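Structure first, commentary second.
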Amino acid sequence: MDCLFCRIVSGKVPADLIAEGDRWIAFRDINPQAPTHVLIVPREHVESLSSLDESRAGLGGELLRAAAAVARMDGLEDGYRVVANTGADGGQSVPHLHLHVLGGRPMRWPPG
Ligand code: DGP
């Protein structure tokens, strides 16, 4: 399967990696929407949040803890936003589960 984020996980496509764990990597988004814009990506190919079933119990929690750790690393004491765009209506463009960690500026609501 030709998946961009699988290729980043395997090192075939370069990325600005800032942290990693046994089950995930964190790298800076190529098209940042805020001063901090980091993607948390599971090493395993999981298509989207909708595929996070019982067989992957615990992975979601690990990704969220990674997001909080990255926010601490980037000094986002004033807050940040964690987003999982899911499916076509959710605006997901890369079909490999990822969390966006956005911070360094105030976020608006509702999102676009
Ligand atoms: P989404 O639209 O939620 O599926 O987010 C995909 C994000 O991935 C988008 O913000 C841009 C980012 N992205 C796409 N291609 C690359 C790449 O080659 N490298 C990096 N670092 N980020 C990428």
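According to this note's numbering, the sequence shown is numbered sequentially starting from 16.
Don't be surprised by glycine CBs; every beta carbon is placed ideally from N, CA and C.
Please read these numbers as outputs of a predicted model, since none were measured by experiment.
Can you look up residue i in the DSSP assignment and give me helix, strand or coil?
i	result
Leu114	strand
Val109	coil
Cys21	helix
Measure the beta-carbon distance from residue i to residue j and round it to whole angstroms, keeping in mind my assumption that it falls under 8 Å.
i	j	result
Phe20	Val56	5 Å
Arg58	Arg80	Not a contact, Cβ separation roughly 15 Å.
Met88	Ala34	7 Å
Ser63	Pro110	7 Å
Neighbouring residues (CB closer than 5 Å to any heavy atom of the ligand DGP): Counting only beta-carbon distances shorter than 5 Å to the non-hydrogen atoms of the ligand DGP, the qualifying residues in chain order are Ala30, Asp44, Ile45, Asn46, Asn100, Gln107, Ser108 and Val109.
Ranges of the alpha helix (DSSP H) found wholly within the segment 33-104, counting only runs of at least 4: Annotation: the segment 33-104 contains the following complete segments of the alpha helix (DSSP H) (minimum length 4 residues), in chain order: 74-88.
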